[in-house]
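When we follow numbering that gives the first Met the number 0, the leftmost residue of the sequence shown carries the number 0, and every step to the right adds one. Down below is the structure, laid out as C-alpha cells.
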Amino acid sequence: MKIWKILSPKVLAEEEKPDNITTETQAKVKITQILLTGEELRTYCGVYKPKYPVVPGRFAVGVVAEAGPGCLNVEKNTRVYVHDVTPCGECEYCAAGEPEECTDTKVAGLNRNGYMRDFVVAEESDLSPLPPSVNDDEALFIGVISVCEEVIARLNVTKGMHVAVIGAGELGNILSQLLIYHQAVPVLIDSDEEKLALAARCGIYYTLNSDAELEENINRITGGRFASGSVYCSFCGLPSDLPFSITATGGTVVYAGFSFPEISAQLKTALDKRLTLTAVTNDYSNNAAAINLLVNKAVNLAPFRIQKRPVADADKIFAAEAEKNEKGLRMNYSILNML
Ligand SMILES: [Zn+2]
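What follows is the structure in C-alpha cells.
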C-alpha cells in the first residue's frame, strides 16, 4: 500500500507498506478522497512541533475493497466515511464498554496515522456507510459537522437564541448554517469581507465585521441583550478575548476547532460577567447525526466551490499553501483526489 508521510517540516515522502486485515471485524478500504484543512498544512509546516513522521489526512471517504467475515454493516463496494476520531480502546471507559466516554481519543493525522494513503485497514465500527443521497464531497464534512453539533449541544441552543460565531472560515460558516437549522440566530463575525459575503450566499443573514462598531452592532441585533452564547473558532486570527465583550452576563463561550494554538486572553471581562468558558474538539459521537443532517440538506456547501486536486500534485499543493501561510493568508479547504 502507498502511504504519504511528512518526515520533517516541509518534507513529504511516499512509502510502500503492506497492510492486511488481521481480525474478522476489519475491512480494507480504498481511500477515494481526503479533505485538506489547515490541520494538514500546520503539520506540514511543523507548527506546534508534531511528532514526525506523520501520515496526514484527518477527513476521508472511501470504498470497501475487502470486508472481514465478521463485518455486519459493510461489504465489498460499500461507500464509507472513515472516522477521524476513534476511541483508544484502552482507557477505563473503553475497557468498560463505553467508548463514547473515552478520555484518550485518537485523531487521524494528529496522534495516530491519517488517511493520505491508497488503502487503510479499519475496524468496521470506525466506518460509517454512506447513503446514496450523500455524495463523497459532502461526506468529507461529516467530522466537521459532528464537531459543530457538539458545540450546539454545549450551548443548550433554544429557539431564537442569539449566538455570536467568531471566525467565518469553513467551521464558523457551517456552524452558523446548523444554528439556523436548529432555529437559533447566529451572528457571524470576521474581519474578512469576502468570507462574510460567502456566508451570506450560504443563507447566513447576520454577518458583522469585527471592527470598532462590533459591540454596538451586536447590541442592535440582539435588542440590547448581547449574545446568549459565543463560539470562537480556532485559528480564525481574531483576538481570543473578543467573545467576552459581546456575550451576555452569565452566557457561555465555546472555543471550537480541530486543535488549538497557544492562546492567552485577558479574563477580567469574562469573570465580571460570570461567563462559562468551555471547549469542543475531536468529537465523534455525532457522526450518525451529521450524516442525517447531510441527507436533510441542512448545510449548503456549494458556495465554497471547493477545489479538487490530484494526489500526484500533493507536493506542489503543500508547498504553495505553506508559502501562502507564511504571508499570513488563511488556507481554504480543498479536496485531494486519491485515485
Ligand atoms: Zn478510551
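Virtual Cβ for every residue (Gly too), placed ideally from N, Cα, C.
Going by DSSP, what residues sit across from residue i in a beta bridge?
i	result
histidine 82	DSSP output for histidine 82 lists no bridge partner at all.
glutamate 13	Trp3
threonine 334	Sequence inspection shows isoleucine at residue 334; the threonine mentioned does not correspond to that position. Paired residues: Leu34 and Lys307.
glycine 61	Ile30 and Val79
isoleucine 165	Ile188 and Tyr231
alanine 318	The partner list for alanine 318 (beta bridge, DSSP) is empty, contrary to what the question assumes.
alanine 66	Ala26
Inspect the beta-carbon positions of residue i and residue j and report whether they are closer than 9 Å.
i	j	result
glutamate 149	valine 279	yes
serine 227	valine 162	yes
isoleucine 203	serine 175	yes
serine 209	isoleucine 165	yes
isoleucine 179	threonine 206	no
threonine 246	lysine 272	yes
alanine 255	serine 239	no
tyrosine 283	aspartate 83	yes
lysine 9	tyrosine 43	yes
threonine 277	glutamate 169	no
leucine 109	arginine 57	yes
asparagine 216	leucine 197	no
tyrosine 51	serine 258	no
serine 124	isoleucine 290	no
Once the 5 residues before and after residue i are set aside, which same chain residues still bring their CB inside 7 Å of it?
i	result
arginine 116	Met0, Lys1, Ile2, Trp3, Ile30 and Val54
glycine 67	Ile20, Thr22, Glu23, Thr24, Gln25 and Ala26
threonine 102	Cys90 and Tyr92
valine 63	Ala26, Val28, Val73, Glu74, Lys75, Asn76, Thr77 and Val79
phenylalanine 118	Met0, Asp18, Lys27, Val28, Lys29, Ile30 and Ala64
serine 132	Val294
leucine 335	Gln32, Ile33, Leu35, Arg308, Val310 and Ala313
cysteine 87	Cys93, Cys101, Asp103, Thr104 and Lys105
leucine 338	Thr31
serine 244	Glu214 and Thr268
cysteine 344	There is no way to answer for residue 344, as the model of the chain reaches only from 0 to 338.
Might you give, ordered along the chain, the residues of its own chain that have their beta carbon closer than 6 Å to the beta carbon of residue i, omitting 5 neighbours on each side?
i	result
arginine 200	Pro302
threonine 221	His161
alanine 59	Ile30, Ile33, Val81 and Tyr114
glutamine 306	Ser333
glutamate 39	Pro55
asparagine 281	Val84, Thr104 and Val106
alanine 167	Leu187, Asp189, Lys194, Leu195 and Ala198
Tell me which residues share the same chain as residue i and place their Cβ nearer than 8 Å to its Cβ, disregarding the 5 neighbours each side in the sequence.
i	result
glutamate 339	In the structure as shown, the chain begins at 0 and stops at 338. Residue 339 is therefore absent and cannot be evaluated.
leucine 292	Ile144, Glu148, Leu177, Tyr180 and Val298
glycine 250	Phe225, Ala226, Ser227, Gly228, Ser229, Lys272, Leu274 and Thr275
lysine 323	Met330
Segments assigned alpha helix (DSSP H), at least 4 residues, entirely inside the segment 80 to 139: If only uninterrupted alpha helix (DSSP H) runs of at least 4 residues are considered, those enclosed by the segment 80 to 139 are 91 to 94 and 135 to 138.
Uninterrupted beta strand (DSSP E) stretches inside the segment 176 to 221 (no shorter than 3 residues): Every beta strand (DSSP E) of 3 residues or more that sits fully in the segment 176 to 221 is shown, in chain order, as 184 to 189 and 205 to 208.
Entirely enclosed beta strand (DSSP E) segments - the segment 223 to 300, minimum 3 residues: Listed in chain order, the complete beta strand (DSSP E) runs (minimum 3 residues) inside the segment 223 to 300 are 226 to 232, 246 to 255 and 275 to 279.
Length-filtered (4 minimum) alpha helix (DSSP H) runs lying within the segment 8 to 59: The segment 8 to 59 contains these whole alpha helix (DSSP H) runs: 37 to 44.
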